[in-house]
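This report concerns only the one structure given below.
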Amino acid sequence: MDDPEKLLRKYIKNENLIKHCYSVQSAMKFYAGILNEDTEKWGAAGLLHDLDWEMYPDTHPLTAVPILEEAGYDREFIDAVLGHAYPDRTDVKRDTPLAKYLFACDEITGFVMAYSLMKENGLNDVESKSIRKKMKDKAFARNVNREDILKGAEDIGVELDVHIKNIIEAMKSDNRVNIRQ
Ligand SMILES: [Fe+2]
Ligand SMILES: [Fe+2]
0 MDDPEKLLRK
10 YIKNENLIKH
20 CYSVQSAMKF
30 YAGILNEDTE
40 KWGAAGLLHD
50 LDWEMYPDTH
60 PLTAVPILEE
70 AGYDREFIDA
80 VLGHAYPDRT
90 DVKRDTPLAK
100 YLFACDEITG
110 FVMAYSLMKE
120 NGLNDVESKS
130 IRKKMKDKAF
140 ARNVNREDIL
150 KGAEDIGVEL
160 DVHIKNIIEA
170 MKSDNRVNIR
180 Q
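Note that numbering that gives the first Met the number 0 has the sequence shown beginning at 0, numbered continuously upward.
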């Protein structure tokens, strides 16, 4: 298996996108830890789920498949990556915990990150309650799909408030993501 970080850097140069990938990696590792799953694999799925987004936005995430296969990732892993874009871009349903958690961690980390950028102390100033309130502000972070956030939490069976708290904690404790620690 190739070093996932190296693979990420090979395909993604945009620092904001890299930070998004780190955020999802941290969240996935956090959940793998509490669920007794493979933290490296779950983390790598978070890290690499948007691998082809910068170079091939029109065919994302399909273009990532041969790259991930070549790197040695298994079917479950690749289906989870494909599943995060179901049903808009792929027809691969999210059947496994890996796929469900990946989907659940994707949009919400983006929203939390966007919100934290308005705060003086970044992520350290972010609380679940204020995130839930801000989600109702349709003009804010428009590109983040609220429905997907709700659906993601529902599919993993974690109450939205608890899920957001977990996401904040995971992102806060990652010094690549939380630069104001
Ligand atoms: Fe994506
Ligand atoms: Fe993403």
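Every residue, glycine too, gets a C-beta built ideally from N, C-alpha and C.
Under the DSSP assignment, Ile178 falls outside any alpha helix (DSSP H); it carries neither an H nor an E label. Excluding its 5 nearest sequence neighbours in each direction, Asn123 has C-beta neighbours in its own chain below 8 Å: Lys171, Asn177, Arg179 and Gln180, listed in chain order.
Annotation for Asn165: the continuous alpha helix (DSSP H) segment containing it runs Leu159 to Lys171. Relative to ligand 1, Trp52 has its C-beta within less than 7 Å of a heavy atom. In the same chain as Gly82, and ignoring 5 residues on each side of it, the C-beta atoms closer than 6 Å to its own belong to Val91, Arg93 and Ala98, in chain order.
Leaving aside the five residues that flank Asp78 on each side, the residues in its chain whose CB is nearer than 8 Å to its CB run, in chain order, Val91, Asp94, Thr95 and Ala98. Of Leu50, Lys137, Ser127 and Val80, the smallest CA-CA separation from Ala169 is found for Ser127.
Going by C-alpha positions, Phe110 is about 13 Å away from Leu159. Going by DSSP, Asp51 is part of no alpha helix (DSSP H) at all; its letter is neither H nor E. A Cβ closer than 5 Å to some heavy atom of ligand 2 marks a residue here, and those residues are Asp49 and Asp105.
Per DSSP, reduced to three states, the secondary structure at Asn120 is coil, with no helix or strand assignment.
Separation of the CB atoms of Leu61 and Leu7 is rounded to 18 Å, and the pair is thereby denied contact status at 8 Å.
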